[in-house]
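Notes to accompany the following structure.
Residue numbers (this note's numbering): 4 to 331.
If you want it as structure tokens, here you go:
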């Protein structure tokens, strides 16, 4: 005889089945969450390992550059020197575990040092910079904007000038004086990107007392420094330098037809210093400042680094001054 009003066995079974399905669904969601978190952790760990390996690859090239510069004991530095040959433009990538690294070493003392412009009394630097920009067909306003940025006290405190800097993102209030990197010029308001791109390979930012290495100076910088030389004479000077780097500043002055002229000027001025006159104290045939540009690749990842090195004397191991690493 059937009992009325109570749940049947089939009803109880359905309720238990629903509960079981709910529990299974919850466990499945929890398992999925744990798997997602585990995969995220694994991906982060893998990315960290890749980043570490890229850093080690860049460190390896930096160590190579330091070693090459330390082994160079010659009294001159020039393109194609012993430190330059393994890092020449277009050199084959250096193979590493699961990747490659490429790079080159550059002589910074052959470039025009923009920190010379931070000295208001350095008329030679100002005149040379103006001639350099005229060679590049850059407007005079470009030279003036850069000089204002570098002069002590900054570009000015007029409301119009301050407003131009405060409209930048983020706003800036430059104080002037020497800069750490020539890349800082790229943020000057009113300096066209194309003008900066043409100027950038020819300039650097080094201590103001640094001399120009005439053995590694590009033709544009030499032409700006030696306005008295006709183009044909300058071309012969550069050809002679390529065949045999200058062993001394005196040898360069003779080749550039400057030694006699400097002696005559010094005698005429009775030893008085002319801030616009080129002297041997402005020049060198060796370098202490170098830059490395390297790129490491590891499967689908890559990283780049720029570093500035200072070598106090020939044959000494250089010192790392600063480095910037970017990971696209």
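Note that the Cβ used here is the ideal one computed from N, Cα and C, for glycine as well. In this text, all values refer to a predicted model and were calculated from it rather than measured experimentally.
Per-residue DSSP class, three states only, for residue i
| i | result |
| --- | --- |
| residue 80 | coil |
| residue 91 | At residue 91, the pLDDT of 48 sits below 50, so the modelled position is not reliable and the matter cannot be decided from this model. |
| residue 300 | strand |
| residue 292 | strand |
| residue 326 | strand |
| residue 98 | strand |
| residue 305 | strand |
| residue 26 | helix |
| residue 116 | strand |
| residue 141 | coil |
| residue 19 | helix |
| residue 316 | coil |
| residue 182 | coil |
| residue 220 | coil |
| residue 331 | coil |
| residue 338 | Any question about residue 338 goes unanswered here, given that the chain covers just 4 to 331. |
| residue 191 | coil |
| residue 225 | helix |
| residue 332 | Coverage of the chain is limited to positions 4 through 331, which leaves residue 332 absent and any answer about it impossible. |
| residue 135 | helix |
| residue 121 | helix |
| residue 168 | helix |
| residue 72 | helix |
| residue 176 | coil |
| residue 232 | coil |
| residue 154 | coil |
| residue 198 | helix |
| residue 56 | helix |
Nonlocal neighbours in the same chain, by C-beta distance under 7 angstroms from residue i, ignoring five residues either side
| i | result |
| --- | --- |
| residue 19 | none |
| residue 331 | 305 |
| residue 86 | 71, 72, 75 and 108 |
| residue 177 | 152, 157, 158 and 168 |
| residue 315 | 291 |
| residue 199 | 188 and 189 |
| residue 235 | none |
Neighbourhood of residue i by C-beta distance below 8 angstroms, restricted to the same chain and skipping five residues each side
| i | result |
| --- | --- |
| residue 98 | none |
| residue 122 | 128 and 211 |
| residue 209 | 111, 112, 116, 118 and 292 |
| residue 146 | 132, 133 and 136 |
| residue 43 | none |
| residue 237 | 222, 225, 226 and 229 |
Those residues which DSSP pairs with residue i across a bridge
| i | result |
| --- | --- |
| residue 109 | 294 |
| residue 286 | 215 |
| residue 104 | 97 and 299 |
| residue 206 | 115 |
| residue 252 | In the DSSP output, where bridge partners are listed per residue, residue 252 has none listed. |
| residue 279 | For residue 279, which the question treats as bridged, DSSP gives no partner whatsoever. |
| residue 259 | Answer is none; residue 259 lacks a bridge partner. |
| residue 311 | 294 and 325 |
Chain-order list of residues whose beta-carbon lies under 6 angstroms from that of residue i (same chain, five-residue window excluded)
| i | result |
| --- | --- |
| residue 309 | 296 and 327 |
| residue 222 | 241 |
| residue 179 | 154, 155, 156 and 157 |
| residue 228 | 131 |
| residue 318 | 76 |
| residue 139 | 201 |
| residue 182 | 208 |
| residue 311 | 294, 324 and 325 |
| residue 287 | 214 and 216 |
| residue 96 | 103 and 105 |
CB contact check: residue i to chain D, cutoff 8 angstroms
| i | result |
| --- | --- |
| residue 183 | The chain inventory of the structure shown lacks chain D, comprising one protein chain alone. |
| Are at least three pairs of beta-carbons, each pair with one atom in the stretch 102-115 and one in the stretch 298-316, less than 8 angstroms apart? | yes
| field | Inter-stretch contact at 8 angstroms, needing at least 3 Cβ pairs: the stretch 193-206 / the stretch 122-139 | value | yes
| task | State whether the stretch 321-331 contacts the stretch 234-245, with contact taken as three or more CB pairs (one from each stretch) at a distance under 8 angstroms. | result | no
| query | Between the stretch 274-292 and the stretch 107-116, do three or more beta carbon pairs fall short of 8 angstroms? | reply | yes
| task | State whether the stretch 148-158 contacts the stretch 179-195, with contact taken as three or more CB pairs (one from each stretch) at a distance under 8 angstroms. | result | yes
| query | Looking at C-beta atoms only, is the number of pairs between the stretch 65-84 and the stretch 173-182 that lie closer than 8 angstroms three or more? | reply | no
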